[in-house]
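Written out below as structure tokens is the structure these notes cover.
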Amino acid sequence: MPIANHHSSVPVIVDEDKCIADKGCTVCIDVCPLDVLWINEETGKAHMKYDECWYCMPCEADCPTDAVTVNIPYLLR
Amino acid sequence: MKINDIPVIETDVLVIGGGTAGPMAAVTAKEQDPSLNVMLLEKANVKRSGAISMGMDGLNNAVVPGHATPEQYVKEITIANDGIVHQPALMAYATRSFPMIEKLDSWGVHFQKDETGDYDMKKVHHLGTYVLPMPEGHNVKKILYRRLRRNRVQIENRFTATRLLKDPDGRIAGMIGVNTRTAEPIIIRAKAVIMATGAAGRLGLPTSGYLFGTYENPANNGDGHAMAYHAGADLANLECFQVNPLLKDYNGPACAYVTGPLGGFTSNAFGERFIECDYWSGQMMLEFFKELESGTGPVFLKLDHLAEETIEEIETVLHTNERPSRGRFHEGRKVNYRERMVEMHISEVGFCSGHSASGVWTDETGATTVPGLYCAGDMASVAHNYMLGAFVYGQICGESAVEFVKSRSEPKLDEDFIKTELERIQAPMKVTDGIPPEQMEYKVRRLVNDYLQPPKVTRKMEIGLERILAVREDVPQLCARDPHELLRAMEVQSIIDCAEMAARASLYRTESRWGLYHYRVDFPEQDDSEWFYHSRLFKDENGQMASGKRPIADYLVSLGEEKDAYRKMRVQKAANA
């Protein structure tokens, strides 16, 4: 069966001006229990690659530069 | 040694799952015998994994001298769980819970104390006093992590276990799994294995429809239940589902342990209290469900009658601990505890001994029915175990595993089994035009909601089982584009296993018990003459899923005249009210 891509709005936002993932920081990526934060190959910054969030907040709480914001997923809002 | 060019990793004690029970088991094993190799394998990262990634706001079942005795506790939980408990296991917890609190206290975990320095116990349960708040409990995981480092436990993050290995004598021999970021397989030979993989929390679908908006951390998807089943271990009382009272659409618990002692309560639409006791039990959930469906529903958390400083205290705890995004959820809906009641609902179903009694059968030594395999925490069958139970049984399993490995030589591995399992792991990445794991997961979990969620009806459950088995037929079409999707593809196979187990276990017990958890409309009565047993679920000699009965061990504590206390949950109204 062919597969389509479908868009979804993701709850975790990373402020690229504040994010220092391009300097080697991987704190948010390390602490995510669902492994949904990855480095964006184009920007070198962290981003939410998979819409599989428990909105549990370690990524936001542990970020050393306050770059991460966890929103409530749209379906629950 | 290598199998298919994959080096076999050797360890003495392997712990699978680095949440709450797992780290305690690993630290205990090293404390008992520092010369042993102890490995802790975690699907995420031990620093922030499991049910308490952001900490915990209280101990629900603490047996503290001066407030309760182990005998009182064993009696209360036996009554709350309608008699179907293994009392020796409850007693082991009850007697070790206070030493564990003192150990955690000495490690720097903060529990609430009164002005005299005593633990500040609160009464939430129907009969006794067992709740100990921990408003500064957000650092539990950091403290556990320090202990793991100090005791030199070898940590392997981002590996998910997929199958347990056994030697020709049927004893545990290790595990096989896969890296969640690289899809590289891992084979570990171990003389003893402790599983602490948490609840099966991705079984039902939350009402929001968001797959990961579950009550349990969605990483806890029932891998351990499925692996134990395939290894031939008994599972127990799976039909005693976990169903919890939560905020509507938000996966945070609401009332009992935090707001109850401060004056908050569960109310109907008219602001009236309708249950006597907010401690989570099947009977309480049945009254909750009835009110929800009635003309005086839905159900609310009522705080708007409380003083400003009390509400501030509640907000501080609820919005910083365990589920700290709760404040944002309320903000988004313009809900303020001061102004209006907060709508509540029931959670999706799951297996979790933390709150009910369903899980892999474990006795008072943490042992399963497979020699050398131990289980602790939300996946083990010890009733109402919660976080402190995870710590106590982590410790018990650590001790038992160290004892087991003393006389154990190097286990022999079954290479054919390993090769078959490697093929199963690698299959989804070889399929291109197939079914993505997300779609298959949505489908099977939607079926669980439609057909297995209580109230349970025989014919509906039979249809549900048929539909779940049809999804299983689709597994060869599962496709994964990257290692992350492969993780989800392996998880959905465990979810299908758990869904089938949930259906078969629920069909087996032809009575109603545990309030809403196993409320079977066509068998509405509790039938002690036929069903005063643990139900067993296991793989029989033909590889089929089978059920059976396990006798209840002799009670250590008799129930006396309070035996029906949990049947009287509903607030009685005066005849002229």
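As you go down the protein sequences, you meet chains A and B in turn.
Residue numbers for the first sequence follow the UniProt record's numbering, so the first one is 1 and each next one is one higher.
Residue numbers for the second sequence follow the UniProt record's numbering, so the first one is 1 and each next one is one higher.
Here a beta-carbon is modelled for each residue, glycine too, at the ideal position from N, C-alpha and C.
For clarity, every value in this text was computed on a predicted model and none was experimentally measured.
CB contact flag (residue i, residue j, <8 Å)
i: residue 62 of chain A; j: residue 14 of chain A; result: no
i: residue 197 of chain B; j: residue 178 of chain B; result: no
i: residue 503 of chain B; j: residue 359 of chain B; result: no
i: residue 286 of chain B; j: residue 533 of chain B; result: no
i: residue 228 of chain B; j: residue 195 of chain B; result: yes
i: residue 238 of chain B; j: residue 478 of chain B; result: no
i: residue 349 of chain B; j: residue 203 of chain B; result: yes
i: residue 531 of chain B; j: residue 513 of chain B; result: yes
i: residue 402 of chain B; j: residue 36 of chain B; result: yes
i: residue 74 of chain B; j: residue 91 of chain B; result: yes
i: residue 453 of chain B; j: residue 82 of chain B; result: no
i: residue 281 of chain B; j: residue 93 of chain B; result: no
i: residue 321 of chain B; j: residue 100 of chain B; result: no
i: residue 58 of chain B; j: residue 7 of chain B; result: no
i: residue 262 of chain B; j: residue 313 of chain B; result: yes
i: residue 250 of chain B; j: residue 76 of chain A; result: yes
i: residue 325 of chain B; j: residue 70 of chain A; result: yes
i: residue 361 of chain B; j: residue 233 of chain B; result: yes
i: residue 299 of chain B; j: residue 147 of chain B; result: no
i: residue 47 of chain B; j: residue 141 of chain B; result: yes
i: residue 129 of chain B; j: residue 67 of chain B; result: yes
Own chain residues within Cβ distance below 7 Å of residue i, not counting five before or after
i: residue 367 of chain B; result: 374 and 400
i: residue 302 of chain B; result: 264, 265, 267, 271 and 341
i: residue 18 of chain A; result: 65, 66 and 67
i: residue 429 of chain B; result: 183, 480 and 486
i: residue 493 of chain B; result: 475
i: residue 56 of chain A; result: 33
i: residue 48 of chain A; result: 10, 12, 36 and 37
Rounded C-alpha distance that separates residue i from residue j
i: residue 51 of chain B; j: residue 231 of chain B; result: 25 Å
i: residue 41 of chain B; j: residue 158 of chain B; result: 8 Å
i: residue 461 of chain B; j: residue 445 of chain B; result: 14 Å
i: residue 486 of chain B; j: residue 121 of chain B; result: 46 Å
i: residue 3 of chain B; j: residue 422 of chain B; result: 10 Å
i: residue 211 of chain B; j: residue 52 of chain A; result: 7 Å
i: residue 54 of chain A; j: residue 218 of chain B; result: 7 Å
i: residue 12 of chain B; j: residue 405 of chain B; result: 7 Å
i: residue 12 of chain A; j: residue 46 of chain A; result: 10 Å
i: residue 87 of chain B; j: residue 78 of chain B; result: 8 Å
i: residue 438 of chain B; j: residue 333 of chain B; result: 28 Å
i: residue 64 of chain B; j: residue 137 of chain B; result: 18 Å
i: residue 74 of chain A; j: residue 8 of chain A; result: 9 Å
i: residue 104 of chain B; j: residue 111 of chain B; result: 9 Å
i: residue 315 of chain B; j: residue 307 of chain B; result: 12 Å
i: residue 383 of chain B; j: residue 5 of chain A; result: 43 Å
i: residue 412 of chain B; j: residue 524 of chain B; result: 50 Å
Other residues of its chain near residue i: CB distance less than 8 Å, five sequence neighbours each side excluded
i: residue 125 of chain B; result: 76, 80, 131, 277 and 279
i: residue 34 of chain A; result: 50, 52, 53 and 54
i: residue 9 of chain B; result: 39, 186, 187, 188 and 189
i: residue 304 of chain B; result: 337, 338, 339, 340 and 341
i: residue 484 of chain B; result: 180 and 181
i: residue 517 of chain B; result: 239, 240, 241, 242, 243, 282, 285, 356 and 454
i: residue 205 of chain B; result: 211, 348, 442, 445, 446, 448 and 449
Presumed contact (8 Å Cβ cut-off) between residue i and residue j, rounded CB distance
i: residue 377 of chain B; j: residue 20 of chain B; result: 6 Å
i: residue 508 of chain B; j: residue 535 of chain B; result: 6 Å
i: residue 89 of chain B; j: residue 474 of chain B; result: Residue 89 of chain B to residue 474 of chain B, Cβ: 39 Å. No contact.
i: residue 244 of chain B; j: residue 347 of chain B; result: 4 Å
i: residue 385 of chain B; j: residue 257 of chain B; result: Contact flag wrong, Cβ pair sits at about 15 Å.
i: residue 16 of chain A; j: residue 43 of chain A; result: 6 Å
i: residue 440 of chain B; j: residue 392 of chain B; result: Contact doesn't hold; Cβ gap of about 37 Å is too wide.
i: residue 344 of chain B; j: residue 254 of chain B; result: 6 Å
i: residue 1 of chain A; j: residue 434 of chain B; result: 7 Å
i: residue 578 of chain B; j: residue 501 of chain B; result: Given that chain B is displayed from residue 1 to residue 577, the structure contains no residue 578 of chain B and the question cannot be resolved.
i: residue 570 of chain B; j: residue 274 of chain B; result: 6 Å
i: residue 329 of chain B; j: residue 72 of chain A; result: 5 Å
Own chain partners of residue i with C-beta closer than 6 Å, once the 5 adjacent residues on each side are dropped
i: residue 499 of chain B; result: 444, 448 and 468
i: residue 220 of chain B; result: 198, 199 and 201
i: residue 164 of chain B; result: 175, 227 and 231
Neighbour flag for residue i against chain D, beta carbons, 8 Å
i: residue 68 of chain A; result: Chain labels in this structure do not include chain D; the protein chains are A and B.
- Task: Just list the alpha helix (DSSP H) runs in the segment 511-564 of chain B, keeping only unbroken ones of 4 residues or longer that don't cross its boundaries, in chain order.
- Result: 528-531
- Query: Which parts of the segment 193-270 of chain B are runs of the beta strand (DSSP E), unbroken and 3 residues or longer, counting only runs that do not cross its ends?
  - Reply: DSSP runs (the beta strand (DSSP E)) wholly in the segment 193-270 of chain B: 245-247 and 265-267.
- Where in the segment 293-321 of chain B do unbroken runs of the beta strand (DSSP E), each at least 3 residues long, occur, reported from the N-terminal end onward? 299-302
- Which parts of the segment 391-424 of chain B are runs of the beta strand (DSSP E), unbroken and 3 residues or longer, counting only runs that do not cross its ends? none
- Item | alpha helix (DSSP H) runs wholly inside the segment 34-80 of chain B, at least 4 long, in chain order | 70-80
- Task: Kindly provide the ranges of any alpha helix (DSSP H) runs that are 4 or more residues long and lie completely inside the segment 433-461 of chain B, ordered along the chain.
- Result: 437-452
- Taking the runs of the alpha helix (DSSP H) that are 4 residues or longer, which of them lie wholly in the UniProt domain "4Fe-4S ferredoxin-type" (44-73) of chain A? 58-62
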